[in-house]
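One structure is given below, encoded as structure tokens.
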Amino acid sequence: MQDLDLTCLFSYQDEDFILQAYLHLLGREPDPQGLADYLHALRSGHYPKWRILAALASSAEFKAQHPQPPKVLKGYIRKHKLLKLPGVATCARVLQLWRLPQQLAATRAEIERLQVLQERKRLWSPEAQAPDLHVCITEKSQLAQQRQRALGAQNKEAWLQYLTSLEANQDALMQALALQRQQHGRLKTDLMRQISMRALQEHLQSVQDQLNQKIAELRDHLEQKIDRMSAQDQQALKRQLDGLTYQVTSLRQGLSAPACTETENTTHHTSQQTDPTPQALDALYLALEDKFRGSQQAVHQHLKIHLQHIDNLKSQQTSLRIADIGCGRGEWVAQCQAAGHQVIGVDMNASMVQSLQDQGLTGVLADGIQWLQTQPAASLDVVTGFHIAEHLEFTTLITFIDAAWHALTDQGYLILETPNPENLVVGAYSFYLDPTHKNPIPPLTLEFLLQARGFTQTQIIRLNPRQEVDTSPLAEHWFTTATDYAIYACKSQSQAQILEDTQA
């Protein structure tokens, strides 16, 4: 079977071809229905001979006898399966229309060849030799006419069949096109739905990413806040330990002095006792501030009034540049930073600056006046000094005011807070709880100094009145009035010439 030669099959015609095809491929004669179907397909031109062979080779009966078809049939089988696909056969028949003239010409030539052979056979037969030449010519003419009429009728019938087939194919193509359009519409709808779903998914993913970022930022902020609160507690303990360490050191130095007479002891102590180190003094002053100024929570509450005033000062700015001179433990620096301002603390006390930095705040160990003088002109919006004016000599205070003027922008503010000697308890007693205080400054005096150095729009705010109640109005005024006061002074460039004249 592998060496099957199909050339002999193609030489058979019509019903003989169907019979030989069944015998060669299936080993039996065709059944009546199969013979009728394939004979109709062959005669109508729907199935050429090769396709009938491919159809028989594709049958289950043939596959059962021959699991592997011969090589010569594989090409016919593939081509047959391809033409069975929807639309392919129609397209193939349409394309065959281009070969119709060629096929008609070939058919006409074959008919003429057969007629010539038939005529030769008739002429050379004994019966044909008897008639005369005229009869032969007449018959030949008649045959030619008949042949022309037959060809015309055959061509017309063939063309009508092809036109009918084309109309049927056109209807099938239109139906297939309508079906494809419906499928295209459904696919387009599904595609648009998928695009919308993909866009929605991308939007939801973006929102989720933003939420995750916000949650991470909030977590970091809370962790930093917790760490900062823990650091503040540690610093409070550290300051207490520094104060205790200083006291223990002093006691040890006293106990280590040799036993002698009172005169000898005094002489020996004078000669052997050394001045305390700057670090020890810084720790001592930090302990002194913790003792008498109050807790950090109380100071935070007290400073809120100044933060509200600063918020009223800023117009279009969302963040002010603030320098706190003599920042101490950093309560004011922490509040300003929490409010979104750019703030820096300056102090000469190393323990104070270290406490500031441990809280995550910006602190500089420097002389406040020198630091202001080295800043670019008009580089700060606000300069603050809480309880530093009372520590300065008169000339040093003037130098500080001038340095603040240099660093402030036009319409910038200098805010100073100091003990209020209008309260006799402050002026006669509590002012001197801090041994580094020089002299109390009355509010009107400090206001005059600020105005004399070029500041305008000064405003005195009295703070922290005492709560004691006295039956005497006079005593109540002098003993319960504000224990502190703050003064706000605005820098104005229109006053610059007055300042220069005063300095000259």
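Under our numbering, the first residue of the sequence shown carries the number 1226, and numbering increases by one thereafter. The beta carbon of each residue, even a glycine, is placed where N, CA and C say it ideally should be.
Apart from the five residues on each side of it in sequence, which residues of its chain come closer than 6 Å, Cβ to Cβ, to residue i?
{"i": "Ile1336", "result": "none"}
{"i": "Ala1714", "result": "Leu1639, Leu1675, Phe1680, Thr1683"}
{"i": "Leu1641", "result": "Gly1610, Ala1614, Ile1712"}
{"i": "Ser1366", "result": "none"}
Taking only the alpha-carbon atoms, compute the straight-line gap between residue i and residue j and give it to the nearest angstrom.
{"i": "Thr1599", "j": "Leu1429", "result": "53 Å"}
{"i": "Asp1415", "j": "His1271", "result": "40 Å"}
{"i": "Val1571", "j": "Ala1711", "result": "19 Å"}
{"i": "Glu1725", "j": "Arg1678", "result": "Any reading at Glu1725 must be qualified, since the residue scores a pLDDT of 47, below 50, and its modelled position is unreliable; the value itself is stated next. Answer to the nearest angstrom: the Cα atoms are 9 Å apart."}
{"i": "Gln1522", "j": "Asp1627", "result": "33 Å"}
{"i": "Leu1462", "j": "Asp1434", "result": "In this predicted model, Leu1462 has a pLDDT of only 49, less than 50, meaning its place in the structure is not dependable; the value taken from the coordinates is given anyway. One C-alpha to the other measures close to 42 Å."}
{"i": "Phe1242", "j": "Phe1235", "result": "7 Å"}
{"i": "Leu1244", "j": "Leu1404", "result": "41 Å"}
{"i": "Gln1258", "j": "Phe1287", "result": "17 Å"}
{"i": "Gln1533", "j": "Ile1420", "result": "53 Å"}
{"i": "Trp1596", "j": "Phe1625", "result": "10 Å"}
{"i": "His1249", "j": "Pro1255", "result": "11 Å"}
{"i": "Ser1390", "j": "Leu1425", "result": "52 Å"}
{"i": "Trp1630", "j": "Ser1655", "result": "31 Å"}
{"i": "Leu1388", "j": "Ala1261", "result": "25 Å"}
{"i": "Ile1685", "j": "His1525", "result": "21 Å"}
{"i": "Ala1246", "j": "Leu1398", "result": "33 Å"}
{"i": "Thr1363", "j": "Arg1374", "result": "17 Å"}
{"i": "Asp1592", "j": "Pro1690", "result": "32 Å"}
{"i": "Gln1579", "j": "Leu1509", "result": "15 Å"}
{"i": "Leu1342", "j": "Gln1290", "result": "44 Å"}
{"i": "Val1651", "j": "Glu1618", "result": "19 Å"}
{"i": "Asp1445", "j": "Asn1437", "result": "12 Å"}
{"i": "Leu1590", "j": "Ile1440", "result": "36 Å"}
{"i": "His1409", "j": "Arg1423", "result": "21 Å"}
{"i": "Glu1382", "j": "Lys1296", "result": "39 Å"}
{"i": "Ala1393", "j": "Gln1370", "result": "35 Å"}
{"i": "Ser1269", "j": "Gln1386", "result": "10 Å"}
{"i": "Glu1442", "j": "Ile1569", "result": "24 Å"}
{"i": "Lys1413", "j": "Pro1292", "result": "44 Å"}
{"i": "Gln1395", "j": "Arg1418", "result": "34 Å"}
{"i": "Arg1411", "j": "Glu1427", "result": "24 Å"}
{"i": "Thr1543", "j": "Asn1537", "result": "11 Å"}
With a threshold of 16 other CB atoms inside 10 Å of the CB of residue i, please say whether the residue is buried or exposed.
{"i": "Thr1488", "result": "Per-residue confidence for Thr1488 stands at a pLDDT of 39, beneath the threshold of 50, marking its modelled position as unreliable; the derived number appears in the next sentence. With fewer than 16 other Cβ atoms within 10 Å, it is exposed."}
{"i": "Gln1400", "result": "exposed"}
{"i": "Ser1576", "result": "buried"}
{"i": "Cys1233", "result": "exposed"}
{"i": "His1305", "result": "buried"}
{"i": "Asn1648", "result": "buried"}
{"i": "Asn1574", "result": "buried"}
{"i": "Thr1643", "result": "buried"}
{"i": "Glu1672", "result": "buried"}
{"i": "Gly1637", "result": "buried"}
{"i": "Gln1562", "result": "buried"}
{"i": "Val1432", "result": "exposed"}
{"i": "Leu1267", "result": "buried"}
{"i": "Ala1280", "result": "buried"}
For residue i versus residue j, is the C-beta distance shorter than 9 Å?
{"i": "Ile1530", "j": "Ala1564", "result": "no"}
{"i": "Gln1239", "j": "Leu1264", "result": "The sequence given here has Asp at residue 1239, not Gln. Yes, the pair counts as a contact, with Cβ atoms nearer than the cut-off."}
{"i": "Leu1308", "j": "Ala1282", "result": "no"}
{"i": "Ala1708", "j": "Asn1645", "result": "Looking at the sequence itself, residue 1708 is Thr, so the reference to Ala does not match. Going by C-beta atoms, Thr1708 is nearer than 9 Å to Asn1645."}
{"i": "Leu1545", "j": "Gln1567", "result": "yes"}
{"i": "Lys1716", "j": "Thr1634", "result": "yes"}
{"i": "Tyr1237", "j": "Trp1275", "result": "no"}
{"i": "Ala1632", "j": "Ala1602", "result": "yes"}
{"i": "Glu1344", "j": "Leu1310", "result": "no"}
{"i": "His1616", "j": "Thr1661", "result": "yes"}
{"i": "Ser1284", "j": "Leu1231", "result": "no"}
{"i": "Gln1584", "j": "Gly1555", "result": "yes"}
{"i": "Ile1594", "j": "Thr1621", "result": "yes"}
{"i": "Gln1340", "j": "Arg1372", "result": "yes"}
{"i": "Pro1668", "j": "Arg1687", "result": "yes"}
What residues in its chain sit with their C-beta under 7 Å from that of residue i, if we drop five residues either side in the sequence?
{"i": "Trp1557", "result": "Leu1528, Asp1549, Thr1609, Phe1611"}
{"i": "Pro1294", "result": "Ala1282, Ile1302"}
{"i": "Arg1253", "result": "Tyr1247"}
{"i": "Pro1273", "result": "none"}
Among the residues of its own chain, which have a CB less than 8 Å from the CB of residue i, if the five just before and after it don't count?
{"i": "Gln1560", "result": "His1525, Leu1528, Lys1529, Leu1532"}
{"i": "Leu1402", "result": "none"}
{"i": "Ile1623", "result": "Leu1674, Arg1678"}
The stretch 1541-1551 touching the stretch 1592-1612, judged by at least three CB pairs closer than 8 Å | yes
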